[in-house]
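Novice:
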Amino acid sequence: MTAITGPVRVRFAPSPTGYLHIGGVRTALFNWLFARHYGGQFILRIEDTDEKRLVADAADDISASLRWVGINWDEGPDVGGPHGPYVQSQRQELGLYQQHSDQLLEAGLAYMSFTTEEELAEMRTATEARGIKSFRFRGPERDWSLAQQRETAASGKPYTIRLKMPLEGETRFNDLVRGGSEIVVQHDQLQDIVLIKKTGMPVYHFAHLVDDHLMGITHVLRAEEWVPSTPYHVLLYHAFGWQAPVFAHLPVILRQDGKGKLSKRKDDVATNRFWERGYLPEALFNYLALQGWSYDDKTEIMSSSEIVERFSIERVQASGARWNPDKLRDMNGIYIRKLSMEALAQQVQPFMSAAGLIGNPPSAAEQGYLLRLVPLVHERLEELSQAPELLDFFFQDVRPGPDGYDPALLIPKKHDATQTANLLRAAHGALNIVEDWQAANLEAAMRDLSERLQAKPSPLFGAVRVAVSGRSVAPPLFDMLAALGRERTLSRLSLAAGALG
RNA sequence: GCCCCCAUAGUCUAGUGGCCUAGGACGUCACCCUUUCAAGGUGAAGAUCGCGGGUUCGAAUCCCGCUGGGGGUACCA
Numbered sequence: 001m002t003a004i005t006g007p008v009r010v011r012f013a014p015s016p017t018g019y020l021h022i023g024g025v026r027t028a029l030f031n032w033l034f035a036r037h038y039g040g041q042f043i044l045r046i047e048d049t050d051e052k053r054l055v056a057d058a059a060d061d062i063s064a065s066l067r068w069v070g071i072n073w074d075e076g077p078d079v080g081g082p083h084g085p086y087v088q089s090q091r092q093e094l095g096l097y098q099q100h101s102d103q104l105l106e107a108g109l110a111y112m113s114f115t116t117e118e119e120l121a122e123m124r125t126a127t128e129a130r131g132i133k134s135f136r137f138r139g140p141e142r143d144w145s146l147a148q149q150r151e152t153a154a155s156g157k158p159y160t161i162r163l164k165m166p167l168e169g170e171t172r173f174n175d176l177v178r179g180g181s182e183i184v185v186q187h188d189q190l191q192d193i194v195l196i197k198k199t200g201m202p203v204y205h206f207a208h209l210v211d212d213h214l215m216g217i218t219h220v221l222r223a224e225e226w227v228p229s230t231p232y233h234v235l236l237y238h239a240f241g242w243q244a245p246v247f248a249h250l251p252v253i254l255r256q257d258g259k260g261k262l263s264k265r266k267d268d269v270a271t272n273r274f275w276e277r278g279y280l281p282e283a284l285f286n287y288l289a290l291q292g293w294s295y296d297d298k299t300e301i302m303s304s305s306e307i308v309e310r311f312s313i314e315r316v317q318a319s320g321a322r323w324n325p326d327k328l329r330d331m332n333g334i335y336i337r338k339l340s341m342e343a344l345a346q347q348v349q350p351f352m353s354a355a356g357l358i359g360n361p362p363s364a365a366e367q368g369y370l371l372r373l374v375p376l377v378h379e380r381l382e383e384l385s386q387a388p389e390l391l392d393f394f395f396q397d398v399r400p401g402p403d404g405y406d407p408a409l410l411i412p413k414k415h416d417a418t419q420t421a422n423l424l425r426a427a428h429g430a431l432n433i434v435e436d437w438q439a440a441n442l443e444a445a446m447r448d449l450s451e452r453l454q455a456k457p458s459p460l461f462g463a464v465r466v467a468v469s470g471r472s473v474a475p476p477l478f479d480m481l482a483a484l485g486r487e488r489t490l491s492r493l494s495l496a497a498g499a500l501g
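Position 51 of the first sequence, counted from 1, bears residue number 51 in the working numbering, the numbering being contiguous throughout.
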């Protein structure tokens, strides 16, 4: 079995080449859950060794996004820790990677390669032209003496440092996610990978591994796309004589249409966009936890602490899971409904301000009014961002006609304009005499009216709803009228009746 | 092409040899509630457990093959 014993130290090591997308958060989340469940440490490390694709504020976006969903770290760039720095470019300046590549060079396990990228590309196409699709590079320098390599380097020729892979044999490793089954890769499938680029910057394969070792990482939980390069890593650990960590490769999150993994360019999955789309971090957290992991045959809604308590790597799926926005939205609605009215009003306020319905910041009166309105929509929201469109008529004029709603909306089925105008005038009369403007009193007055008129409630109420809100779908009528107030209700009724003649 | 991984309804998933006439959720549809829309409640449709062989008294569960899907194949991560 794969019972986890001993200390647990895991990390999330993103590359700041763009905003953090949802797949990255899932990987971070599983690492975090694993650490928290076993009482270990979770470390954030920024892997900025790709100078070409580096995006200036990506690292900040990553930190902010993680914190937003509720993931914190014990050691990392901004919080420090005993194994810092936690940014690879800073570690590179310290000479950490060079020191380790020298060690391999001295031991004859790596070599300086003077083959340029252009030459490499030529070799690749030439091989393919001969009908051999798999090109595995072995530099001629792998047989040179170190002195010879250094001499050539001294002449000013740019070089990379490559790992000298064994030519035959095989490497095997276990994966926690795939149970006990062992993954076996033949060495003739591997090539002499680059460890250090010609710029002196290490490549992922090298840098992450040196850092994982130096930082005492015990378990590596990463996405499945890393499985094919794991043999390189295992071999590198052997080369250093270090003990490899335990691997667990998480299933990829597939695109909605199932065609490939989630991509930044094609899918709307930037973590920082979920806030503005009206998602609660708790909902995203819960949904993401279920993306590749499950607790039992029926429990889905769980708090962060429940998930921490219940999480186990053994219950992580090996097969990919499709991104399902419908399910996320449903879950978001569940979390919104769990919010108190005060909390909901607070969550919804920025959306109302952004829509220009209330000030930014809102006045005390606006805040109070929002708190009054929020109960009308709390069961109707699946995304907080829907609040403005559901509540705008409480803040804006509502009138029939070309610059407002279509007067035809007012007319119920089997009614004509005159009948509807009469209904609206009658409603105006009945409501006008209500002394205490409370939902219950308004309802009583209207029900009384429908009886006196021998008119069914449905068309009567429907006409009033449109007159007052400008739409046929709205919150419960009497709560709506109560919140709207006497003056606006009555004037909107008059306006509507007038439009119908 | 080559290497690796995976495979239960449209989607996510429970299931680790008999409790499965396969459980739950999203989505879909119907009904109830009801002033509309939601929420809530009830119910329905939807899976020959990818296909074919084995092993076994017995397989969704174990083995093999096939097919399909995904991932990788960079001086990117």
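In this text, a Cβ means the ideal position worked out from N, Cα and C, and glycines have one as well.
Because the structure is a prediction, the values reported are computed rather than measured.
#1: Would you identify the three-state DSSP class for residue 398, choosing helix, strand or coil?
#2: Measure the alpha-carbon distance for residue 135 versus residue 147 and round it to whole angstroms.
#3: Tell me, to the nearest whole angstrom, how far the beta carbon of residue 251 is from that of residue 217; I am working on the premise that it is less than 8 Å.
#4: Kindly list the residues whose CB is nearer than 7 Å to the CB of residue 415, restricted to its own chain and excluding five residues on each side of it in sequence; keep chain order.
#5: With a CB to CB cut of under 7 Å and the five nearest residues on each side skipped, what residues in its chain are close to residue 301?
#6: Report the three-state DSSP secondary structure of residue 5 (helix, strand or coil).
#7: Give the range of the alpha helix (DSSP H) segment to which residue 495 is assigned.
#8: Rounded to a whole number of angstroms, what is the C-alpha to C-alpha distance between residue 465 and residue 427?
#9: Once you ignore the five residues that flank residue 197 on each side, which residues in its own chain have a CB closer than 7 Å to its CB?
#10: On a Cα-Cα basis, can you pick out the residue from 42, 477 and 139 that is closest to residue 71?
#11: What is the DSSP secondary structure of residue 321, reduced to helix, strand or coil?
#12: Bridge partners for residue 248 per DSSP, in chain order?
#13: Using C-beta distances below 6 Å, list every residue in its chain close to residue 189, excluding the 5 sequence neighbours before and after it, in chain order.
#14: Whole angstroms are fine: how far does the CA of residue 184 sit from the CA of residue 1?
#15: Identify the continuous alpha helix (DSSP H) that holds residue 237 and give its terminal residues.
#16: I'd like to confirm the pairing. Which residues does DSSP put opposite residue 113 in its beta bridges?
#17: Residue 10 and residue 288 - do their beta-carbons sit closer together than 8 Å?
#18: Grab me the residues of residue 485's own chain with a C-beta within less than 6 Å of its C-beta, minus the 5 sequence neighbours each way, in chain order.
#19: Run the CB neighbour count on residue 455, radius 10 Å, all protein chains shown included, and call it buried at 16 or more, exposed below.
#20: Could you name each continuous beta strand (DSSP E) segment of 3 residues or more that falls completely within the segment 275-313, going from the start of the chain to the end?
#21: Taking 8 Å as the cut-off, decide whether the C-beta atoms of residue 496 and residue 400 are in contact.
Specialist: For this structure:
#1: Assigned with DSSP and collapsed to three states, residue 398 falls in coil, not helix or strand.
#2: Cα-Cα distance, rounded: 29 Å.
#3: Residue 251 to residue 217, Cβ: 21 Å. No contact.
#4: 459.
#5: Around residue 301, the same chain offers 286 and 334 as residues with beta carbons nearer than 7 Å, after the five sequence neighbours per side are excluded.
#6: In the structure shown, residue 5 sits in coil (DSSP, three-state: anything other than H, G, I, E or B).
#7: Unbroken alpha helix (DSSP H) run through residue 495: 486-499.
#8: Answer to the nearest angstrom: the Cα atoms are 11 Å apart.
#9: Cβ neighbours of residue 197 beyond the five flanking positions: 160 and 203.
#10: Looking at the Cα atoms, 42 is the closest of the given residues.
#11: In the structure shown, the three-state DSSP call for residue 321 is strand.
#12: According to DSSP, which records beta bridges pairwise, residue 248 is partnered with 221.
#13: Excluding residues within five positions, none has a Cβ falling inside 6 Å.
#14: In this prediction, residue 1 has a pLDDT of 39, which is less than 50 and means its spatial position is unreliable; nothing more can be read from the coordinates.
#15: Here the alpha helix (DSSP H) through residue 237 covers 230-240.
#16: Residue 113 is bridged to 160.
#17: Not in contact: residue 288 and residue 10 (Cβ atoms no closer than 8 Å).
#18: In the same chain as residue 485, and ignoring 5 residues on each side of it, no C-beta atom comes closer than 6 Å to its own.
#19: Burial check for residue 455: the Cβ neighbour count within 10 Å reaches 16 or more, so the residue is buried.
#20: Within the segment 275-313, no complete beta strand (DSSP E) run reaches 3 residues.
#21: One thing to note: residue 496 has its Cβ within 8 Å of the Cβ of residue 400.
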